[in-house]
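**Student:**
Chains as they are written, first to last, in my numbering: chain A, 1 to 270; chain B, 271 to 558.
Structure, rendered in structure tokens:
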């Protein structure tokens with residue numbers, strides 16, 4: 001594995017002060033159950049932000065707010081503001097299909113579509129293209145670029161027409177990341193992307209995340225604290241639907257400001 | 271050590287008894303089927319010939335073939351499918367993919383389940399009261415519409431089942447790439463549920479072909495010298511013909527009755543076999 005890239009905490013070339021994701025007083029209910037309490041947070045552009053906290057703390061719920069995917073899960077009501085690239089995504093003129101094009105999502109369980117590897121990568125391009133907008137050469141190029149970016153090209157370049165569901169889990173997850181890239185997303189949301197993978201697969205995904213760092217804003221939900229520490233620049237710690245602490249990963253793990261954070265990162269609960 | 275104890279012997283005896291009972295029931299279940307087959311072939315095979323399936327009945331159905339009945343059944347079933355399939359499949363897609371979980375969908379779903387259990391004679395009376403009245407008399411179209419009404423809820427139910435079998439993760443992946451629901455349905459859901467949908471439809475073919483009650487008041491008749499000219503003509507039909515030759519007229523030789531039954535059963539079996547092989551073929555092609 002290529003590990004020559006510097007660890008995120010030492011060096012932050014893409015770190016700028018521009019804010020990619022922002023919530024203000026965001027509260028969310030599933031029916032009568034309140035899952036988020038007045039979350040106000042700013043997530044910087046181009047870095048990897050880890051979302052940590054014990055099960056049921058609302059981190060996945062918060063992640064799903066960023067592309068409004070929560071709306072599909074039953075009776076969800078939201079209050080407060082949710083801004084992506086400084087645009088309130090609950091504004092009436094926001095089209096949900098366009099939003100999801102810019103804010104991609106990677107799931108816990110790799111979910112490649114039951115079509116060829118090639119078709120998986122260009123699926124997003126196709127659904128957003130007008131008839132005849134792209135030539136075959138455009139698709140070919142997009143596939144190669146995307147697969148190279150996730151370090152999958154060498155593995156699959158001779159089997160692009162094979163079904164993606166036949167790949168190994170690690171390759172499937174890479175493919176699921178690769179298929180977001182032709183859409184030129186600004187934000188990639190990852191919901192425990194490594195929990196179905198073994199240690200080697202986890203390392204590979206973390207490698208490719210650091211490769212994508214700078215180009216995309218990444219938010220990763222993880223249960224694995226070691227992973228949050230290794231792979232993220234900043235961390236959000238959540239507990240019982242509330243945002244407890246937000247800071248540089250090293251600072252949050254070494255000198256947490258809050259007692260709850262300290263107890264959690266030291267493994268006293270969670 | 272490890273010797274058989276009285277308790278183990280008792281367990282073994284109970285186990286043997288249980289297995290024997292289950293096996294006897296399994297054998298019992300297939301005995302009627304096998305008996306029917308043997309009986310039918312024993313009695314009916316003398317009637318089977320090319321003439322039997324290709325000629326008209328002669329001498330008050332005591333001689334000749336059953337060609338008009340085969341053709342009539344074919345017309346009725348084909349027409350009923352042409353009517354029921356698009357309505358059923360599209361309705362199921364709506365119910366499964368678009369409709370939210372609200373009172374309207376719940377009522378429609380409840381209606382579908384209950385309609386599937388309505389006896390065919392009730393459908394027949396409905397067909398008589400509506401289609402036949404409306405068209406001024408029984409005809410192929412009225413019979414087909416009645417069959418369509420009968421098969422529709424089952425087609426909806428089986429199509430819904432096929433759609434539900436497509437993993438939710440495919441839809442999630444597609445939606446999260448910004449595909450619309452229709453794009454998702456067209457490129458993922460329908461291609462991956464095609465075999466299941468087809469199987470459900472084909473099974474309704476065999477059901478529609480075998481039913482007598484829905485067509486006997488609405489479009490099938492005992493005997494007719496000509497083939498139907500249009501869908502507004504009446505026609506003979508296999509199941510109706512079987513009912514006729516079996517119950518009316520004592521001069522009709524037994525072999526004609528049983529021969530008709532063999533043809534009807536054979537048709538249904540061929541259709542079912544086709545459905546099963548299609549399913550096997552499509553299943554072998556999809557992987558997840």
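Note that CB positions come from ideal geometry on N, CA and C, so glycine has one too.
Computed from a prediction, not measured in an experiment: that's the story for all the values here.
#1: According to the neighbour-count rule (16 or more other Cβ atoms, all chains shown, within 10 Å of its Cβ), is residue 445 (chain B) buried or exposed?
#2: Can you tell me the Cα-Cα spacing of residue 300 (chain B) and residue 466 (chain B), whole angstroms?
#3: What residues in the segment 442-462 of chain B have a beta carbon less than 9 Å from any beta carbon of chain A?
#4: Which bits of chain A does residue 440 (chain B) rub up against, with CB to CB less than 8 Å?
#5: My parser needs the alpha helix (DSSP H) runs of 4 or more residues fully inside the segment 380-445 of chain B; what are they?
#6: Does the beta-carbon of residue 202 (chain A) have 16 or more other beta-carbons within 10 angstroms, so that it is buried, or is it exposed?
#7: With DSSP collapsed to three states, give me the class of residue 459 (chain B).
#8: Secondary structure at residue 12 (chain A), three-state DSSP: helix, strand or coil?
#9: Using a C-beta to C-beta distance shorter than 9 Å, which residues of chain B count as neighbours of residue 179 (chain A)?
#10: If you check the beta carbons only, do residue 29 (chain A) and residue 103 (chain A) fall under 9 Å apart?
#11: Note down the Cα distance separating residue 184 (chain A) from residue 140 (chain A), rounded to an integer number of angstroms.
#12: 9 Å is my cut-off, CB to CB: does residue 105 (chain A) come that close to chain B?
#13: What residue range is occupied by the uninterrupted alpha helix (DSSP H) comprising residue 24 (chain A)?
#14: With a threshold of 9 Å between beta-carbons, can residue 149 (chain A) be considered close to chain B, or not?
#15: Between the segment 19-39 of chain A and the segment 198-213 of chain A, can you find at least three pairs of beta-carbon atoms closer than 8 Å?
#16: With a threshold of 16 other CB atoms inside 10 Å of the CB of residue 297 (chain B), please say whether the residue is buried or exposed.
#17: Count the CB pairs spanning the segment 454-470 of chain B and the segment 432-441 of chain B that are closer than 8 Å, and state whether there are at least three.
#18: Checking contacts by CB at 9 Å: is residue 212 (chain A) closer than that to chain B?
#19: Once the 5 residues before and after residue 482 (chain B) are set aside, which same chain residues still bring their CB inside 7 Å of it?
#20: If residue 238 (chain A) and residue 58 (chain A) are in contact, beta carbons under 8 Å, what's the gap, nearest whole angstrom?
#21: May I have the straight-line CA-CA distance separating residue 530 (chain B) from residue 342 (chain B), to the nearest angstrom?
#22: Buried or exposed: residue 46 (chain A), going by 16 or more other Cβ atoms within 10 Å of its Cβ?
#23: Measuring only between beta-carbons, confirm whether residue 84 (chain A) sits less than 9 Å from chain B.
#24: Does the Cβ of residue 335 (chain B) have 16 or more other Cβ atoms within 10 Å, making it buried, or fewer, making it exposed?
#25: Under 8 Å: do the segment 272-281 of chain B and the segment 252-269 of chain A share three or more Cβ pairs, one atom per stretch?
#26: Kindly indicate if chain B contains any beta-carbon less than 9 Å away from that of residue 124 (chain A).
#27: For residue 368 (chain B), does the count of other Cβ atoms within 10 angstroms reach 16, so buried, or fall short, so exposed?
#28: For residue 97 (chain A), go through chain B and note every residue whose CB falls closer than 7 Å to its CB, in chain order.
#29: Would you say residue 11 (chain A) lies against chain B (beta-carbon separation less than 9 Å)?
#30: By the criterion of Cβ-Cβ separation under 7 Å, what are the contact partners of residue 69 (chain A) in chain B?
#31: Should the segment 106-125 of chain A be regarded as contacting the segment 470-487 of chain B, the criterion being three or more beta carbon pairs within less than 8 Å?
#32: Does the Cβ of residue 311 (chain B) have 16 or more other Cβ atoms within 10 Å, making it buried, or fewer, making it exposed?
#33: Could you please give me the residues that DSSP links to residue 235 (chain A) through a beta bridge?
#34: Under three-state DSSP, which class holds residue 89 (chain A)?
#35: Between the beta-carbon of residue 87 (chain A) and the beta-carbon of residue 94 (chain A), is there less than 9 Å?
#36: Is there a Cβ from chain B that is less than 9 Å from the Cβ of residue 39 (chain A)?
**Tutor:** A quick look at the data gives this:
#1: buried
#2: 26 Å
#3: 442, 443, 444, 445, 446, 447, 448, 449, 450, 453, 454, 457, 458, 461 and 462
#4: 111, 113 and 114
#5: 390-397 and 410-434
#6: buried
#7: helix
#8: Confidence at residue 12 (chain A) is low in this model, with a pLDDT of 44, below 50, so its placement is unreliable and the value that follows should be read with caution. Three-state DSSP puts residue 12 (chain A) in coil, outside helix and strand.
#9: 443 and 447
#10: No; because the gap between Cβ atoms is not below 9 Å, this pair is not in contact.
#11: 16 Å
#12: yes
#13: That residue, residue 24 (chain A), is in no alpha helix (DSSP H); its beta strand (DSSP E) goes 19-30.
#14: no
#15: no
#16: exposed
#17: Yes: the two stretches touch, three or more of their Cβ pairs being nearer than 8 Å.
#18: With 9 Å as the cut-off, residue 212 (chain A) does not count as an interface residue toward chain B.
#19: Closer than 7 Å at Cβ, skipping near neighbours: 509, 510 and 513.
#20: 6 Å between Cβ atoms; contact.
#21: A straight line joining the alpha-carbon of residue 530 (chain B) with that of residue 342 (chain B) spans about 14 Å.
#22: Buried: at least 16 other Cβ atoms inside 10 Å.
#23: no
#24: buried
#25: no
#26: yes
#27: Around the beta carbon of residue 368 (chain B), a 10 Å sphere encloses fewer than 16 other beta carbons of the protein chains shown; the residue is thus reported as exposed.
#28: Contacts between residue 97 (chain A) and chain B, judged by CB atoms closer than 7 Å, involve 448 and 450 in chain order.
#29: At residue 11 (chain A), the pLDDT of 43 sits below 50, so the modelled position is not reliable; the number obtained from the coordinates is stated separately. Residue 11 (chain A) does not count as touching chain B.
#30: By Cβ distance, chain B contributes 446.
#31: no
#32: By the neighbour-count criterion, in which a residue is buried when 16 or more other Cβ atoms sit within 10 angstroms of its Cβ, residue 311 (chain B) is exposed.
#33: Residue pairing by DSSP places residue 235 (chain A) opposite A:50 and A:247 in a beta bridge.
#34: coil
#35: yes
#36: Judged by the 9 Å Cβ criterion, residue 39 (chain A) is not in contact with chain B.
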